[in-house]
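The structure under discussion appears below in the form of structure tokens.
There are 2 protein chains.
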Amino acid sequence: MKLSEDWIIGFVDGEGCFHISVLRHPEMNTGYQVLPEFTVVQHERDKQILYALKSYFKCGVVRKNRGDRWCYRIRKLSCLETLCNFFSKHPLKTKKNVDYIKFRRIIQDMIQGKHLTKEGLKKIIKTAMTMNTADRKKLLQIKQNLGIK
Amino acid sequence: MKLSEDWIIGFVDGEGCFHISVLRHPEMNTGYQVLPEFTVVQHERDKQILYALKSYFKCGVVRKNRGDRWCYRIRKLSCLETLCNFFSKHPLKTKKNVDYIKFRRIIQDMIQGKHLTKEGLKKIIKTAMTMNTADRKKLLQIKQNLGIK
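Sequence order for the protein chains is A and B. The working numbering numbers the first residue of the first sequence as 644 and each following residue consecutively. The working numbering numbers the first residue of the second sequence as 644 and each following residue consecutively.
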């Protein structure tokens, strides 16, 4: 199945999710690991669409999620950079684009290794907290642990 | 905001809904009214997208739904015909297309007035029951009331 750029933008405007998790990781200098991911979830009847997205971006994995849901997921930083190049060239039309721009800023920081420093991590958490997909309660707890005002 | 055809297909593949309701209506010969509708629901932050769809199709209404949700809705038969012409020319890529084809069949039957006869209504209900968006329990009850095997 061949997907056009505009179709992908429309579909991701509807179904895509840009998400930043921050997880406890005692082996990291900061004590935390930043885990950005892009996901598209569909009913299993439409898993061929997820595979078509995977073919288009030449990145990511398609996995069974809970129940009858399947998920296309990109977590690898170099792949997320490819994805960001796509959505910078072909902007989303919904307010999801605001989340995407924040997501991209975090990816750019991570490419520069900024998430490995406490200052960089603080900045990332502050940005992530303003995203629509944010787990604010959890991020707020980490923010307090790191002593961010 | 200008929408491209491919973007609309992608967005409707994600967010659009083709639905057939059958309601009790004592003044109709059959005792029932067939109510087809196409809807796209969004958070209020993206209601401008719904207005952009309305501008594109030159049909339908944008209304506040429950809570913070807004809805673009087409119910008028002549407008649904315009919509069907669009999605026949530019097919959906997900399995939603299977629902769309059934929806279009019902619209075509309604344009010919078939829903006003008991035989036509039976056929419509049989088709509607196989749609992914069907309220099967309700349609089954009507089917039994009409004595359809």
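Beta carbons: idealized from backbone N, C-alpha and C, even for Gly.
query: Stretch-stretch touch, CB-based, cutoff 8 Å, three pairs: the segment 719 to 733 of chain A with the segment 667 to 676 of chain B; result: no
query: Under 8 Å between C-beta atoms of residue 766(B) and residue 752(B); result: yes
query: Limits of the unbroken alpha helix (DSSP H) element including residue 707(B); result: Here residue 707(B) belongs to no alpha helix (DSSP H); instead the beta strand (DSSP E) covers 704 to 707.
query: Positions along the segment 709 to 737 of chain A whose CB lies within less than 9 Å of some CB in chain B; result: 736, 737
query: For residue 740(A) and residue 734(A), the rounded distance between their alpha carbons; result: 7 Å
query: Simplified DSSP assignment, three categories, for residue 686(B); result: strand
query: Where residue 678(A) sits in the DSSP three-state scheme; result: strand
query: The segment 775 to 782 of chain A contacting the segment 690 to 706 of chain A, beta-carbon criterion three pairs below 8 Å; result: no
query: Close beta carbons around residue 711(B), own chain, < 7 Å, minus the five adjacent residues each side; result: 686, 687
query: Neighbouring residues, chain A, relative to residue 652(B) (Cβ below 7 Å); result: 650, 653
query: Range covered by the beta strand (DSSP E) that runs through residue 659(B); result: 659 to 667
query: Per-residue contacts from residue 742(B) into chain A (C-beta, under 9 Å); result: Here the premise fails: no neighbours, minimum Cβ distance about 11 Å.
query: Sequence-distant residues of the same chain with beta carbon closer than 8 Å to residue 750(A), five excluded per side; result: 679, 720, 723, 724, 727
query: Min CB distance residue 774(B) to chain A below 8 Å; result: no
query: Span of the beta strand (DSSP E) around residue 718(B); result: Run containing residue 718(B): none; DSSP gives neither H nor E here.
query: Contact with chain B by residue 779(A), beta-carbon distance below 8 Å; result: no
query: Span separating the alpha-carbon of residue 787(B) from that of residue 694(B); result: 40 Å
query: Where the segment 673 to 689 of chain B meets chain A: residues whose CB sits under 7 Å from a CB there; result: 688, 689
query: Under 9 Å (Cβ pairs) to chain A, residues found in the segment 657 to 668 of chain B; result: 657, 658, 659
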